[in-house]
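Here's the structure we're looking at; comments come further down.
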Amino acid sequence: MSDHGECRHLLGSLSEYLDGTLEAELCSELEKHLAECENCRVVVDSLQKTIYLYRATAENVAVPDEVRVRLFRCLNLDDYLEK
Amino acid sequence: MDNRKAPEDFSLEALRSGDRAEFARLVEAYYELIYRLAIKMLNDPQDAEDILQETFLKAYRHLKSFDGRSSLSTWLYRIAVNEALMLLRRKKLDTVSIDETLETPDGEVEPVQIVDWCCLPESELMSAEAQAYLDRAVEALPTTLRVVFVLRDIQGLSTREVSEVLNLSETAVKTRLSRARLRLREELSGYYGEKLREGGSL
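Just so you know, the protein sequences line up as chains A and B, in that order. Note that the working numbering has the first sequence beginning at 2, numbered continuously upward. Note that the working numbering has the second sequence beginning at 35, numbered continuously upward.
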């Protein structure tokens, strides 16, 4: 990848491309490049997977119940502890 | 912000006048989001709990002066982010960190790892070990990039919302997000690429 000026040039656009917010002209330039460049396709796919994995792990964060209890206590909200 | 969990239907008047029940509703609606932000920023349960408590203590003290120009969630996120950044700064002073001295805080990183690891099974991608690795990779990001990544990709805020929380332009948010994502992709490609080799798929 490092030998290709175009890959470098398009690198900064990949994130917006995956968000669907890249402007149309750059978008078609990038897609044309991706059709020809295997390395960049791998980078795009793995970038997309990276974002997906982080979004998925966010859902696994559970707040321990005792953390909630201590929070309500420190705010003097003991009376409202029951859900 | 995250409308599925926290609709903004609070009475500002009640909150400003110190209504305990309304404040309890506010805490109930947002404590999980704030805790998640803190734990992803700091990767330490005790620190995350401190930030959680401090955020709502501050919110309670300053509700009277909340002007309603931003949404309540943006305001809470702003308090939490500031608390987290202050904690990180204090810790850095304690440990005399040298890890960021050789790089510009958010310099572009060119892809080196070109490994197609997307085909790994979900069980491998999402193993407990992998998740711990993912968390450490975020923790290793420069703070300026980490805070944008956590708000945007983990908390699910829009670019505009992140720009409001951090008082940054939307362009700056997009640039930092791009750099954070590319760095994490690089880290994950190293990690999962190793898993592919171990599994004999490469």
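The beta carbon of each residue, even a glycine, is placed where N, CA and C say it ideally should be. Treat the numbers as computed from the prediction; the structure is a model and nothing was measured.
Neighbour-count burial assignment, residue i, 16 or more Cβ in a 10 Å radius
i, result
"B/Q87", "buried"
"B/M75", "buried"
"B/V146", "exposed"
"B/L136", "Any reading at B/L136 is ruled out, since the residue's pLDDT is 38, under 50, leaving its predicted position unreliable."
"A/T22", "exposed"
"A/A36", "exposed"
"B/L191", "buried"
"B/E134", "Low local confidence applies: a pLDDT of 42 at B/E134 is under 50, so the model's placement there is unreliable, with the coordinate-based value given in what follows. Classification for B/E134: exposed."
"B/D209", "It is Thr, not Asp, that sits at residue 209 of chain B in the sequence shown. The residue is buried, with at least 16 neighbouring Cβ atoms inside 10 Å."
"B/K98", "exposed"
"B/D150", "buried"
"B/S203", "exposed"
"A/T51", "buried"
"B/T205", "exposed"
"B/R217", "buried"
"B/E232", "exposed"
"A/E24", "exposed"
"B/A55", "exposed"
"A/L82", "exposed"
"B/N37", "Note that B/N37 has pLDDT 40, beneath the 50 cutoff, so the model's placement of it is unreliable and no number is given."
"B/A171", "buried"
"B/R213", "buried"
"B/P139", "Since pLDDT at B/P139 reaches only 46, below the 50 mark, its modelled position is unreliable, and the value read off the structure follows with that caveat. That one is exposed."
Beta-carbon spacing of residue i, residue j below 8 angstroms
i, j, result
"B/F44", "B/L106", "yes"
"B/K229", "B/L168", "no"
"B/R215", "B/F183", "yes"
"A/S16", "A/L31", "no"
"B/M120", "A/A57", "no"
"A/C38", "A/C8", "yes"
"B/T177", "B/L211", "no"
"B/E198", "B/S104", "yes"
"B/Y111", "A/V68", "no"
"B/Q189", "B/L67", "yes"
"A/V45", "B/I148", "no"
"B/L179", "B/G102", "no"
"A/L123", "A/H34", "Nothing about residue 123 of chain A can be read from this structure; chain A reaches only from 2 to 84."
Candidates the options, of which the one nearest residue i by Cα
i, options, result
"B/R73", "B/V182, B/R210 and B/E173", "Sequence check: residue 73 of chain B is Ile here, not Arg. Per the Cα distances, B/E173."
"A/N77", "B/A118, B/K98, B/Y111 and B/L91", "B/L91"
"A/L48", "B/L222, B/G102, B/E232 and B/R231", "B/L222"
"B/E83", "A/A36, A/R71 and A/E7", "A/R71"
"B/H10", "B/K208, B/I113 and B/T209", "Summary: the structure shown does not reach residue 10 of chain B, with chain B confined to residues 35 through 236, and so no result is reported for it."
"B/N77", "B/R54, B/V181 and B/T108", "B/V181"
"A/L54", "B/R123, B/E156 and B/L175", "B/E156"
"A/E60", "B/Y94, B/K98 and B/D187", "B/D187"
"B/Y64", "B/A93, B/N116, B/D81 and B/D53", "B/A93"
"B/I85", "B/S203, B/L67, B/E117 and B/Y111", "B/E117"
"B/S51", "B/K125, B/E62, B/F100 and B/Q80", "B/F100"
"B/K125", "B/A166, B/D81 and B/I148", "B/D81"
"B/L185", "B/A171, B/V207 and B/A166", "B/V207"
"A/A63", "B/Y225, B/V115, B/L71 and B/G224", "B/L71"
"B/V196", "B/A48, B/V115 and B/T89", "B/V115"
"B/Y225", "B/E62, B/C152 and B/T108", "B/C152"
"A/V79", "B/E62, B/E144, B/T108 and B/L200", "Note that residue 79 of chain A is Asp in the sequence shown here, rather than Val. Closest option to A/D79, Cα to Cα, is B/E62."
"B/E89", "A/C75, A/L19 and A/D66", "Contrary to the premise, residue 89 of chain B reads as Thr rather than Glu in this sequence. The shortest Cα separation from B/T89 among A/C75, A/L19 and A/D66 belongs to A/C75."
Amino acids of chain B, ordered along the chain, whose beta-carbon sits closer than 8 angstroms to that of residue i
i, result
"A/L78", "R54, F57, A58 and V61"
Within chain A, the residues that residue i reaches when beta carbons sit closer than 9 angstroms
i, result
"B/K208", "S16, E17, D20 and T22"
"B/I188", "Y55, R56, T58, A59 and V62"
Residues that residue i contacts on chain A, provided the C-beta gap is smaller than 7 angstroms
i, result
"B/Q87", "L72 and C75"
"B/W109", "Here the premise fails: no neighbours, minimum Cβ distance about 17 angstroms."
"B/P155", "Those within 7 angstroms of B/P155 in chain A number zero; the least Cβ separation is about 13 angstroms."
"B/I73", "V62"
"B/L159", "L54"
"B/R215", "S16, L48, T51 and I52"
Neighbour list for residue i in chain A, Cβ cutoff strictly below 8 angstroms
i, result
"B/S223", "S47"
"B/R50", "Those do not exist, as B/R50 stays about 16 angstroms from chain A at its closest Cβ, beyond 8 angstroms."
"B/Y65", "V64, R69 and L72"
"B/Y69", "V62, V64 and V68"
"B/D150", "V43, D46 and S47"
"B/Y167", "Under the 8 angstroms cutoff, chain A gives no residues; its nearest Cβ is about 10 angstroms from B/Y167."
Output, in sequence order along the chain, the residues in the segment 38 to 56 of chain A whose CB is closer than 7 angstroms to any CB in chain B.
N40, V43, V44, D46, S47, L48, K50, T51, I52, L54, Y55 and R56
For the segment 76 to 104 of chain B, which residues have a beta carbon sitting closer than 9 angstroms to at least one beta carbon of chain A?
For the segment 76 to 104 of chain B, the set of positions with a beta-carbon nearer than 9 angstroms to some beta-carbon of chain A reads P79, A82, E83, L86, Q87, F90, L91 and Y94 in chain order.
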